[in-house]
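K.L.:
After the C-alpha cells below, expect a handful of questions from me.
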Amino acid sequence: MNEVTGVSFLPLGGTGEIGMNLNLYRQGEAWLAVDCGIGFSGNDTPEAEILLPDPVFIAERRKALTGLVVTHAHEDHLGAIAHLWPQLGCPVYVTPFAAAVLRRKLGEAGLLQQVPIHVVAPGSAFTVGPFDLRFVSVTHSVPESQSLVLRTPQGIIVHTGDWKIDPDPQVGPPTDLETFAALGREGVLAMVCDSTNVRTEGPSASEADVRREMTRLIASLEGRIAVTCFASNVARVETLAKAAQAAGRRVAVVGRSLRNLEVAARECGYLSDVPAFLSEQDANSVPDGEILLIVTGSQGEPRSALSRIAGDTHPNIALGENDTVIYSSRMIPGNEQAVIQVQDSLTRRGVHVITDKDHLVHVSGHATGGDVRMLYDLVRPRFLIPVHGEWRHLTANAAIAQELDIEPVLLEDGDILDIRADGVEVGDTAPTGRLVLDGGRILPMNGGVLSARRRMLFNGMVLGSFAVDDEGYLIGDPKVSAPGLLDAEDPETQRITEEFGNALDEIPDELRASDATFREAAKTALRRALGRKLQKRPLVDVHLLRV
C-alpha cells in the first residue's frame, strides 16, 4: 500500500453487476465506506432471493473504518446496512430522507438505538475522520440523491452515485451542474461514475414528460387502474397521485414498502400537496372508476402485492375484466421471466397490461450516454472509474471517456486502485464474495447450505431411511424417498430400494458400531443403488435409526 498520504479506491460490490453497491476509500490508514446495498437474485442464483456483499475485508479493519456515507435511499445502496452493520460498527452519514428510510429498517432489525446516524443536509460539506467531504445534489429516481466529493492530498475525487440530468425532475432540485463545472475548473483527479444506462444514446427523458403522459392516459381509462413502480420513486408516486386527482380518482397504496415510503416522504416534507392515500382495505369502498391503486411488485417478486393480485390470492384487492395495470418501471436484468409470468397471469384474468413499450409511463433515473458526455465535458477528470452496472455497461462508459481523452480504469470487485497525482495503479486485491439473506440468517453464497440447495434444485435429493439393531443389522425393509425425481409407485423406486437394502447388508461389521461411519457407508450404498440410470447426481442423505 501507499505512504500515509496515499489514496485508494476499492469496490467490494457493484462492478460487473447491478446492485450490492459497497465501495471503500482509503486515505492514509483510515477507511471510508460509501453505500452498502442489497441485490436481488437473478436467473444465475435461483437458490437465493436477496444478496449482500461480503464485507469481510473491511470488517477485519473496522477499527480503521471512520464511517459509512450513503448517497441515496435505494435498496441497492442502503438496503444491506441493517444486516451488515454489526460487522462494520461505524457511524452512518445520510440525508434526511435516507435517514427516514434507514431508521425504519434499523428499527425492524432491533438496531435503531445502536447505530450512530448523522444527518447531513443535501449539498453540504462535512468531515468523517480525515476525509474532507461534500455532497452535490443530483437528480435520480429517489429524493435527495447525492454525489460525493472527496478532497484528498492527491487531488479531488468525485463519486457520482446514481444520477441523471433532468431540468424538470418534479421532486427535488435538478442536478447541480454549476458545482460540477466549478470542480472541473479547479481540477478533478478521478471520477467514479454510474454506468447503468450509458448505452442509451441522447439526453435523458424527463419525469415531467411522464407526468404529462400519465395524466392523459389515466384520464382515458375505465375500471380499476393499478400502477406498479419502485416504492422509493417519490416523484413517480406524486405523478400518479396528481394524475389520479385530475381524473377524479382517489389513490390507495397496496404493499408494505409503499406504505413505509409514504410515511417517510411526508415526514420529510414530500407529497405535501396531495391528499393522504387510502389503505388497501378502504379501496374496496370506492367505485371502480374512481380509484387508482399504487401497487408493489414491479419486478415479479413472488410474495409481492401484484403477484398475489395476479394469482387472485390477495386478501383485499382483485382485478379483472375492464381493469388496467400500468408498469411504470423498468425490468431489472434477471427478473424478465418473473415479470412476464405476472403480466401473463393478469392478461389471463382479462386485465389490460400497459408497459413503457406502449406509452411513456417510465423514464430511467440513470444517466444516458448523452448525460455522461455532458458531465465529463464539465468535470474533465483525468481518470474515469466506471462502476454500478454489468460489464457491458462499464466498458461502454469507458469508451465514452476515451472519446473525450479521459483515461478509463476498469476494475473488478476486490481490486484496490491506488490513486496518485502522477497516475493510478492496481496495487493489491481484497477478498470479495456474495452473502445470502435467507430469512433472518446471513449465509455464504458458496457455503454448505446454499451449495446443497443448489444441488437439490437441479439434481434433486434422495433420502434413504432404515432401522438397525444394537449390533447394526437391518430391521425390516429400508425406505427410499426421492421427491421430484421418482414416484413412490415407480418400479425404478422399488429396484433402488431393494438394491439399497442389499448394499446395507454388505457393509463390513467394523463400520456398523459407530453411527457416523455407518451413515457414511450407507450413503455410499445408496449412491451405488441409484446407479447411472437417473443421469443426475442428486444430493444423497440417510436417516439411521438404531433400536
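Residue 1 is where the sequence shown starts when you use the UniProt record's numbering, and the numbers rise one by one after that.
Using N, Cα and C, we set each Cβ at its ideal position, and we do this for glycine too.
Note that the structure is predicted; figures quoted are calculated from it, not measured.
(1) Measuring only the C-alpha atoms, how far is THR139 from ASP176?
(2) Can you name the residues that DSSP bridges to GLU426?
(3) So, helix, strand or coil for PHE277, using DSSP?
(4) Which residue comes first and which comes last in the beta strand (DSSP E) that contains THR497?
(5) The alpha helix (DSSP H) with LYS242 in it runs from where to where?
(6) Measuring only the C-alpha atoms, how far is GLY255 from GLU144?
(7) Measuring alpha carbon to alpha carbon, tell me which residue in SER232, LEU545, ASP470, ARG527 is nearest LEU78.
(8) Among the candidates ASN316, VAL480, ASP288, VAL363, whose CA atom is the shortest distance from the CA of THR324?
(9) Count the other CB atoms within 10 Å of the CB of ILE50; is the residue buried (16 or more) or exposed (fewer)?
(10) Give me the Cα-Cα distance between LEU410 and ALA396, rounded to the nearest whole angstrom.
(11) ILE38: buried (16+ other C-beta within 10 angstroms of its C-beta) or exposed?
(12) Assuming VAL70 and LEU32 make a contact with CB atoms under 8 Å, what is their CB distance in whole Å?
(13) Given a cut-off of 8 Å, decide if GLY464 and LYS536 are closer than it, judged by their beta-carbon atoms.
(14) Whose C-alpha, out of ARG434, VAL547, GLU498, is nearest the C-alpha of GLY19?
(15) For LYS105, does the count of other Cβ atoms within 10 angstroms reach 16, so buried, or fall short, so exposed?
(16) Assign HIS72 to buried or exposed, taking buried as 16 or more other Cβ atoms, counted over all protein chains shown, within 10 Å of its Cβ.
(17) On the CB-based measure, 16 or more other CB atoms within 10 Å of its CB, does LYS164 come out buried or exposed?
(18) Compare the beta carbon distance of ALA482 and PHE500 with 8 Å and say whether it is the shorter of the two.
(19) Can you give me the start and stop residues for the beta strand (DSSP E) that residue 551 sits inside?
(20) For the alpha helix (DSSP H) containing HIS83, name the first residue and the last one.
(21) Just how far apart, CA to CA, sit GLU407 and ASP541?
(22) At 4 residues or longer, what runs of the alpha helix (DSSP H) sit wholly inside the segment 83–168?
(23) Give the range of the alpha helix (DSSP H) segment to which LYS523 is assigned.
(24) In this structure, how does DSSP classify LEU410 when only helix, strand and coil are distinguished?
(25) Suppose you measure from the CA of ASP490 to the CA of LEU545; what does that come to, to the nearest Å?
(26) In angstroms, rounded to a whole number, what distance separates the CA positions of ARG392 and LEU12?
(27) Between which two residues does the beta strand (DSSP E) containing ALA467 stretch?
(28) Looking at LEU24: is its Cβ nearer than 8 Å to the Cβ of LEU52?
(29) Could you have a look at ASP194 and say whether DSSP puts it in helix, strand or coil?
(30) My output table needs one value for residue 552: the three-state DSSP class, helix, strand or coil.
(31) Identify, in the order they occur along the chain, each residue of the same chain with its Cβ nearer than 6 Å to the Cβ of ARG26, setting aside the five sequence neighbours on each side.
(32) Name the one or two DSSP bridge partners that HIS366 has.
(33) Report yes or no: do the segment 180–191 and the segment 377–388 share at least 3 C-beta pairs separated by less than 8 Å?
(34) Out of curiosity, what's the CA-to-CA distance linking LEU10 and LEU394?
(35) So, for VAL227: in the same chain, excluding its five sequence neighbours on each side, which residues have a beta-carbon less than 6 Å away from its beta-carbon?
(36) Pull up the distance between the alpha-carbon of PRO167 and that of VAL115, whole angstroms please.
P.N.:
Checking against the coordinates, here is how it stands:
(1) 9 Å
(2) The sequence shown places Val at residue 426, not Glu. Per DSSP, LEU417.
(3) coil
(4) Segment 491–505 is the alpha helix (DSSP H) holding THR497; no beta strand (DSSP E) there.
(5) 234–246
(6) 23 Å
(7) SER232
(8) ASP288
(9) buried
(10) 11 Å
(11) buried
(12) At roughly 12 Å, the Cβ-Cβ gap does not stay under 8 Å, so VAL70 and LEU32 are not in contact.
(13) no
(14) ARG434
(15) buried
(16) buried
(17) buried
(18) no
(19) The requested residue 551 does not occur in the structure, where the chain is confined to residues 1 to 547.
(20) 81–88
(21) 55 Å
(22) 96–109
(23) 515–530
(24) coil
(25) 25 Å
(26) 19 Å
(27) 461–468
(28) no
(29) strand
(30) Given that the chain is displayed from residue 1 to residue 547, the structure contains no residue 552 and the question cannot be resolved.
(31) SER8
(32) The partner list for HIS366 (beta bridge, DSSP) is empty, contrary to what the question assumes.
(33) yes
(34) 16 Å
(35) LEU240, ILE294, ILE326, SER328
(36) 36 Å
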